[in-house]
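Residue numbers for the sequence shown, in our numbering: 39 to 212.
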Amino acid sequence: MGFLDFPFVAGTEGDPRRFPGHGEVLRYLEAFARRFDLHGLVRLQTEVVSVRRRVDGAGAAGWSVSYCSTKLASVGNEVEEEVFDAVVVCNGHFTEPRLADIAGIDGWPGKQMHSHSYRVPDPFHGQVVVVVGYRSIRGKLLGSPERSMLPIARYLQLIPRVRLPAVTTCRFIR
């Protein structure tokens, strides 16, 4: 992870993991913005309403971007518009958590959750934990001592997603 002209340095707060935590990514992006003086160009709490290709009378191309504030204090959320030379869409394919499609899971009395919701290991103390498709989450679950499930869970089973068929049939025993 990182920009070519501003490399990401692995954190010192645990293993040199491939998947840094939220705090590390935030610190990296803030340092990048400081280094290249970008804070004035970033708008937080802003929703893009529309993006349209635009060509002016002289044939110059650009992008018309309409946006509004999402701040709770803003009244009326007035739409504003600006023209830019380029537009980059960065929506991220891991933005929406997706749970495994497992037949019979609705009848299982245990808890099923996505790693997106995992913060600390304490709720799993003494529990049997099964992690499916753990490749992108292993740093979060096993990395730094304050977030690791290893000393907390009674039993931790990691199942790589590649070994599972598209739909898995399981019988859950409590």
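Note that beta-carbon positions come from the ideal geometry of N, C-alpha and C, so glycine has one too.
Quiz prompt | Residues bridged to Gly40 [DSSP beta-bridge criterion] | solution = Pro45
Self-check item: According to DSSP, residues forming a beta bridge with Glu118
Solution: Tyr105
Quiz item: Does the stretch 92-104 come within contact of the stretch 115-131, defined as at least 3 CB pairs closer than 8 Å?
Solution: yes
Exercise. Ignore the nearest five residues each way along the sequence and tell me which others in His154's own chain have a CB closer than 6 Å to its CB.
Key: Pro135
Quiz item: Roughly how many whole angstroms lie between the Cα atoms of Arg157 and Ala96?
Solution: 54 Å
Quiz item: Between the C-alpha atoms of Ser107 and Val117, what's the straight-line distance to the nearest angstrom?
Solution: 8 Å
Exercise. Express the C-alpha separation of Gly78 and Pro147 in angstroms, rounding to a whole number.
Key: 50 Å
Self-check item: Where Asp75 falls, given that 16 or more other Cβ within 10 Å makes a residue buried
Solution: exposed
Exercise. For the beta strand (DSSP E) holding Arg218, just list the boundary residues, first then last.
Key: The requested residue 218 is not part of the displayed model; the chain covers only 39 to 212.
Quiz prompt | Val63, enclosing alpha helix (DSSP H) - first and last residue | solution = 60-73
Self-check item: Backbone secondary structure at Gly100 - three-state DSSP
Solution: strand
Exercise. Please work out which residues of its chain come closer than 8 Å, Cβ to Cβ, to Val125, disregarding the five sequence neighbours upstream and downstream, and give them in chain order.
Key: Val89, Trp101, Val103
Practice problem: Less than 8 Å between the CB atoms is what I'm expecting for Ser186 and Pro159, so what's the real figure, rounded? | Solution: 6 Å
Quiz item: Out of curiosity, what's the CA-to-CA distance linking Asp144 and Val170?
Solution: 17 Å
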